[in-house]
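First up is the structure itself, then whatever we jot down about it.
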Amino acid sequence: MASLLEMILKSQNGDLVKQIGNQHGLEPNQAFDAIRNLLPSLTKGMNQNIQKEGGLGNLLDALNKGKHQKYIEDPRAITTPQAIDDGNSILGHILGSKDRSREVARQASQATGIDYEILKKILPQVAGASMGGMSKRVNSRDSGSLIEALTKASQQSGGNDGGLGNILGQVLGGQAPQAAPPPKRGGLGGLLGSIFGRKKAPPPPPQPKMPDLGGILGGILGGKSAQELPPQVQQQTRSVLGKMLDLDGDGKTMDDIFNMAKKML
Numbered sequence: 001m002a003s004l005l006e007m008i009l010k011s012q013n014g015d016l017v018k019q020i021g022n023q024h025g026l027e028p029n030q031a032f033d034a035i036r037n038l039l040p041s042l043t044k045g046m047n048q049n050i051q052k053e054g055g056l057g058n059l060l061d062a063l064n065k066g067k068h069q070k071y072i073e074d075p076r077a078i079t080t081p082q083a084i085d086d087g088n089s090i091l092g093h094i095l096g097s098k099d100r101s102r103e104v105a106r107q108a109s110q111a112t113g114i115d116y117e118i119l120k121k122i123l124p125q126v127a128g129a130s131m132g133g134m135s136k137r138v139n140s141r142d143s144g145s146l147i148e149a150l151t152k153a154s155q156q157s158g159g160n161d162g163g164l165g166n167i168l169g170q171v172l173g174g175q176a177p178q179a180a181p182p183p184k185r186g187g188l189g190g191l192l193g194s195i196f197g198r199k200k201a202p203p204p205p206p207q208p209k210m211p212d213l214g215g216i217l218g219g220i221l222g223g224k225s226a227q228e229l230p231p232q233v234q235q236q237t238r239s240v241l242g243k244m245l246d247l248d249g250d251g252k253t254m255d256d257i258f259n260m261a262k263k264m265l
């Protein structure tokens, strides 16, 4: 499973990093350094928050309603005023105060030599990109995703999962739409088709819609907070989110990740 840092750096072949750098007059290497030094404080804050009472539910709610995934899928969005507003709101939840945000920017400035005022402007953008990366990962159905973890939690609960298994079955295991029947030929078009032996191919069947985070969380939580879910479900959820927030816990060092990402610029 790709780390959150790796997702941000590789977003659209490194375009997110380029967008941030260009907006603030930074060279690509400087933009890399800015993100590398700002992100750890944010991921640490997120990880601490989901361990606290109410923190897990707050994060899931933000991932569900915030629609931050656009910052990963369309990096140009990270330079908009809305992205700054979203990022500042996220920082308020993660770091708790403007003083703490200033301290994070100040420490990054000392480590990188980049002007403190620039890093203070970049910090909310990194916060928005972080939430976008988490939202994209949570919404996926890859190995290590939240959906997979919740499915395992349901299987391990022995039926004592508050209906989680039924909900996941309904959301993930619905029947695929049936293929539309081929159109009937008639009139001149049908006559010419039969004469020349040309058959009009039927339209392709509609693809089943992938479940989104809102559908899954809405069904699972059912208006309840995450703290009301069975303990094994909470544990699995925290475990998956914690791995997402582990910058290099997948065996890759941060330098390895950065060297890989720099090749895309």
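With this note's numbering applied, the sequence shown corresponds to residues 1 to 265, in that order. All residues carry an ideal CB built from backbone N, CA and C; glycine is no exception. Nothing here was measured: the structure is a model prediction, and the numbers come from that model.
Alpha-carbon spacing of residue i relative to residue j, whole angstroms
{"i": "serine 101", "j": "leucine 123", "result": "8 Å"}
{"i": "leucine 39", "j": "valine 104", "result": "9 Å"}
{"i": "arginine 137", "j": "glycine 113", "result": "32 Å"}
{"i": "isoleucine 94", "j": "asparagine 49", "result": "7 Å"}
{"i": "glycine 92", "j": "lysine 98", "result": "7 Å"}
{"i": "glutamine 107", "j": "isoleucine 118", "result": "13 Å"}
{"i": "isoleucine 43", "j": "alanine 62", "result": "Contrary to the premise, residue 43 reads as threonine rather than isoleucine in this sequence. One C-alpha to the other measures close to 15 Å."}
{"i": "leucine 26", "j": "methionine 131", "result": "23 Å"}
{"i": "glutamine 125", "j": "alanine 77", "result": "10 Å"}
{"i": "lysine 116", "j": "glycine 96", "result": "For clarity, residue 116 is tyrosine in the given sequence; the question names lysine instead. Cα-Cα distance, rounded: 20 Å."}
{"i": "glycine 54", "j": "serine 109", "result": "33 Å"}
{"i": "aspartate 33", "j": "glutamine 235", "result": "34 Å"}
{"i": "glycine 242", "j": "serine 41", "result": "14 Å"}
{"i": "aspartate 74", "j": "lysine 67", "result": "12 Å"}
{"i": "asparagine 29", "j": "glycine 133", "result": "21 Å"}
Residue burial classification, residue i (beta-carbon count within 10 angstroms, cutoff 16)
{"i": "serine 135", "result": "buried"}
{"i": "asparagine 22", "result": "exposed"}
{"i": "glycine 87", "result": "buried"}
{"i": "glycine 14", "result": "buried"}
{"i": "lysine 10", "result": "buried"}
{"i": "aspartate 85", "result": "exposed"}
Test item: CB-CB of residue i and residue j under 8 Å
{"i": "glutamine 51", "j": "arginine 238", "result": "yes"}
{"i": "alanine 127", "j": "isoleucine 90", "result": "yes"}
{"i": "threonine 79", "j": "glutamine 19", "result": "yes"}
{"i": "alanine 129", "j": "leucine 5", "result": "no"}
{"i": "isoleucine 35", "j": "isoleucine 72", "result": "no"}
{"i": "alanine 266", "j": "asparagine 37", "result": "With the chain covering only 1 through 265, there is no way to say anything about residue 266."}
{"i": "lysine 120", "j": "histidine 24", "result": "no"}
{"i": "methionine 46", "j": "leucine 56", "result": "no"}
Contact test: residue i Cβ vs the ligand FAD heavy atom, cutoff 7 Å
{"i": "tyrosine 116", "result": "Absent from the structure shown: the ligand FAD. Ligands present: none."}
Please go through the segment 109-140 and give each complete alpha helix (DSSP H) segment of 4 or more residues, from N-terminal end onward.
-> 116-139
Any chance you could list the alpha helix (DSSP H) runs of at least 4 consecutive residues sitting entirely within the segment 67-105, in chain order?
-> 70-73 and 81-94
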